[in-house]
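Chemist:
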Amino acid sequence: MQPGPNAWTTRQIVRVFLTLAVLALLLYLVYRVRSVLELVLVAGFLAIALGPPVEFLVRRHIRRGIAIVLVYLGIVAAIFGVGLVIIPPVVDQVNGLSKDIPGYVQDLRKSKTFRKYDDKYDISKKLNEQAAKLPSRLGEAAGTLQDITVGVFGALVKLVTVLTMTFFLLLDGGKILRFFLGMRGPAEEERLRVVFEGIYRSVAGYVAGNLLISFIAGGVTYVTLRILGVPFAAPLAVLMGFLDLIPLVGATIGGIVIGAVTAFTDFPTATIVWVIVLIVYQQIENNVLQPVVYRRTVQVAPLLTIVAILIGSTLLGVLGVLVAIPVAGAIQIVVRDIWNRREPAIAIVEQPGTS
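Every letter in the sequence shown is one number past the one before it in our numbering, and letter 270, counting from 1, is 288.
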């Protein structure tokens, strides 16, 4: 009996199983080296983000290697400057708080409410018991400190690794890309070059725009808190700027944290003023600033933005949230290019035959 026209041959079955086996092996290898791929992803993202300032210096006839070093030094100087702005006020306010603590304790002891709960729940006795146990817990604290030290050292190693990879990507990434594109033929090289340039402009523009929005958010926060007389205005402004980097929900989270701080400073006046400022700023950011950044750079639909953020947070945590939108924009550019290439082929296939 002859096999039907749709029957699979032994060779086809073996080929399918081999393909699935190779795919499973590749997925397993990706899973095994996921931590390395995470560092490569971060380095690639930083290289694209730092590309515009490096290219700006190169156009000013500065050698690329020196331009990269200057950009790195600029970042270090910016971090150092932020530290100078934040640390002295924090130290002064913490010192003032430590001087005021004895007075707070005396006021607490004079409180009838505290004495009532102290008599009922033995708060003072329990505090004294916990204080007596502190010496025995020094060993645990030493172990915790050792774990923290190891964690910090590991983080520093990863940071140096990422910065080193970013340096070489900025230095030779263009040459490597042109080498691989040159192996594809003139027509394919031009098409891929347009795709990669679109990805570069999209991601770099998103990073620059998002940093600008976060800087504005931090500035508005600092000015508002200074006017209200809220302590730790500079650290809270930096926190707001950092959280604002997180799409969609970052500004809201930062606003809630700062609102809680204002509640301990001058409730309800400072809290009400802060809530009003936060609502007005979020309306401006959501309806004016963010649409300009997202539509002119990554052009990702709101639904896809939410899906990308959820996937990014699941895979890479906070890092995934930060890079979710630019990565989604890059994937969208690639998919659009593939679809545009398929349309002419589909049109040719669907043309009616001539008699």
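Even for Gly, the Cβ is constructed at its ideal location relative to N, Cα and C.
Please check the pair residue 69 and residue 218, which I expect to be a contact at CB under 8 Å, by giving their CB distance rounded to whole angstroms.
Modeler: Mapped onto the sequence shown, residue 69 falls at position 51. Mapped onto the sequence shown, residue 218 falls at position 200. With 8 Å as the limit, residue 69 and residue 218 qualify as a contact, their Cβ atoms being about 7 Å apart.
Chemist: Cα separation between residue 310 and residue 347?
Modeler: Locating residue 310 in the sequence shown gives position 292, where the first residue counts as 1. Locating residue 347 in the sequence shown gives position 329, where the first residue counts as 1. C-alpha separation (whole angstroms): 15 Å.
Chemist: What is the DSSP secondary structure of residue 288, reduced to helix, strand or coil?
Modeler: Along the sequence shown, read from residue 1 onward, the residue named residue 288 stands at position 270. Residue 288 falls in the helix class under three-state DSSP.
Chemist: Using three-state DSSP, classify residue 260 as helix, strand or coil.
Modeler: Indexing the sequence shown from 1 puts residue 260 at position 242. It is helical.
Chemist: Quick one: any contact between the stretch 223-241 and the stretch 198-205, if contact means 3 or more CB pairs under 8 Å?
Modeler: Short answer: they don't touch.
Chemist: Nearest to residue 173 by alpha carbon, out of 53, 297, 306 and 333?
Modeler: Taking the first residue of the sequence shown as 1, we reach residue 173 at position 155. Nearest C-alpha to residue 173: 53.
Chemist: Assuming residue 330 contacts residue 341 under a Cβ cut-off of 8 Å, what Cβ separation, rounded to an integer in Å, is found between them?
Modeler: The sequence position of residue 330 within the sequence shown is 312, counting from 1. The sequence position of residue 341 within the sequence shown is 323, counting from 1. Going by Cβ atoms, the distance from residue 330 to residue 341 rounds to 6 Å, so yes, they are a contact pair.
Chemist: What does the alpha-carbon distance come out to for the pair residue 306 and residue 298?
Modeler: Here residue 306 is taken as the residue at index 288 of the sequence shown, counted from 1. Here residue 298 is taken as the residue at index 280 of the sequence shown, counted from 1. Distance between the alpha carbons of residue 306 and residue 298: 12 Å.
Chemist: Alpha carbon to alpha carbon, what distance is there between residue 104 and residue 192?
Modeler: The residue labelled residue 192 in the question sits at position 174 within the sequence shown. The residue labelled residue 104 in the question sits at position 86 within the sequence shown. Each residue's Cα considered, the two are about 38 Å apart.
Chemist: Within 8 Å, do at least three Cβ pairs link the stretch 59-77 to the stretch 176-196?
Modeler: Touching, yes.
Chemist: Closer than 8 Å by C-beta to residue 255: which residues in its own chain qualify, once you throw out the five before and the five after it? Chain order, please.
Modeler: Translated into the one-based positions of the sequence shown, residue 255 becomes position 237. Excluding sequence neighbours, residue 255 sits near 236, 237, 239, 240 and 243.
Chemist: Which ranges would you report for the alpha helix (DSSP H) in the stretch 189-257 if only whole runs of at least 4 residues count?
Modeler: Taking only runs of at least 4 residues, the alpha helix (DSSP H) segments lying wholly in the stretch 189-257 are 204-246.
Chemist: Take residue 273 and list the residues in its own chain whose beta-carbon comes closer than 6 Å to its own, dropping the five residues that flank it on each side.
Modeler: Taking the first residue of the sequence shown as 1, we reach residue 273 at position 255. Here the set comprises 296.
Chemist: Taking all protein chains shown into account, decide if residue 228 is buried (16 or more other Cβ within 10 angstroms of its Cβ) or exposed.
Modeler: For the purposes of this step, residue 228 is taken as residue 210 along the sequence shown, with counting starting at 1. Buried.
Chemist: Would you call the CB atoms of residue 280 and residue 292 closer than 7 Å?
Modeler: Residue mapping note: residue 280 aligns to position 262 of the sequence shown, counting from 1. Residue mapping note: residue 292 aligns to position 274 of the sequence shown, counting from 1. Yes, they are a contact pair.
Chemist: Going along the chain, which residues of its own chain have a beta-carbon closer than 7 Å to the beta-carbon of residue 248, five neighbours each way excluded?
Modeler: Here residue 248 refers to the residue found at position 230 of the sequence shown. The residues are 279, 280, 283 and 288.
Chemist: Taking residue 231 as the reference, give the member of 215, 263, 349 and 210 with the closest Cα.
Modeler: Numbered from 1 along the sequence shown, position 213 holds the residue referred to as residue 231. For residue 231, the nearest C-alpha among the options comes from 263.
Chemist: For residue 38, does the count of other Cβ atoms within 10 angstroms reach 16, so buried, or fall short, so exposed?
Modeler: If you number the sequence shown from 1, residue 38 lands on position 20. By the neighbour-count rule (16 or more Cβ atoms within 10 Å), residue 38 is not buried but exposed.
Chemist: Looking at the structure shown, is residue 347 part of a helix, part of a strand, or coil, going by DSSP?
Modeler: The residue you call residue 347 lines up with position 329 of the sequence shown. In the structure shown, residue 347 sits in a helix (DSSP, three-state: H, G or I).
Chemist: Between 110, 176, 29 and 85, which lies nearest to residue 250 when the distance is taken from Cα to Cα?
Modeler: Along the sequence shown, one-based indexing puts residue 250 at 232. For residue 250, the nearest C-alpha among the options comes from 110.
Chemist: With distances taken Cα to Cα, identify the nearest neighbour of residue 189 among 266, 84, 170 and 271.
Modeler: Translated into the one-based positions of the sequence shown, residue 189 becomes position 171. Checked all of 266, 84, 170 and 271; the closest Cα to residue 189 is 84.
Chemist: Could you check where the alpha helix (DSSP H) with residue 73 kicks off and where it finishes?
Modeler: Counted from its first residue, the sequence shown places residue 73 at position 55. 52-77 is the span of the alpha helix (DSSP H), which, as asked, contains residue 73.
Chemist: Relative to the alpha-carbon of residue 320, which residue among 332, 335 and 304 has its alpha-carbon at the smallest distance?
Modeler: The residue given as residue 320 occupies position 302 in the sequence shown. It is 304.
Chemist: Given that a residue counts as buried once 16 or more other Cβ atoms are within 10 Å of its Cβ, and exposed if not, what is residue 106?
Modeler: Looking up residue 106 in the sequence shown gives position 88. Under this definition residue 106 is an exposed residue.
Chemist: Rounding to the nearest angstrom, what Cα-Cα distance links residue 258 and residue 269 in this structure?
Modeler: Reading the sequence shown from its first residue, position 240 is the one you call residue 258. Reading the sequence shown from its first residue, position 251 is the one you call residue 269. Approximately 7 Å, taken between the alpha carbons.
Chemist: Let's test the definition: count the other Cβ atoms within 10 Å of the Cβ of residue 344 and tell me whether it reaches 16, buried, or not, exposed.
Modeler: Mapped onto the sequence shown, residue 344 falls at position 326. Buried: at least 16 other Cβ atoms inside 10 Å.
Chemist: Measuring CB to CB, does residue 349 end up less than 7 Å from residue 339?
Modeler: Taking the first residue of the sequence shown as 1, we reach residue 349 at position 331. Taking the first residue of the sequence shown as 1, we reach residue 339 at position 321. The answer is no: Cβ separation not under 7 Å.
Chemist: Under 7 Å between the Cβ atoms of residue 351 and residue 216?
Modeler: Counted from its first residue, the sequence shown places residue 351 at position 333. Counted from its first residue, the sequence shown places residue 216 at position 198. Taking 7 Å as the Cβ cut-off, residue 351 and residue 216 qualify as a contacting pair.
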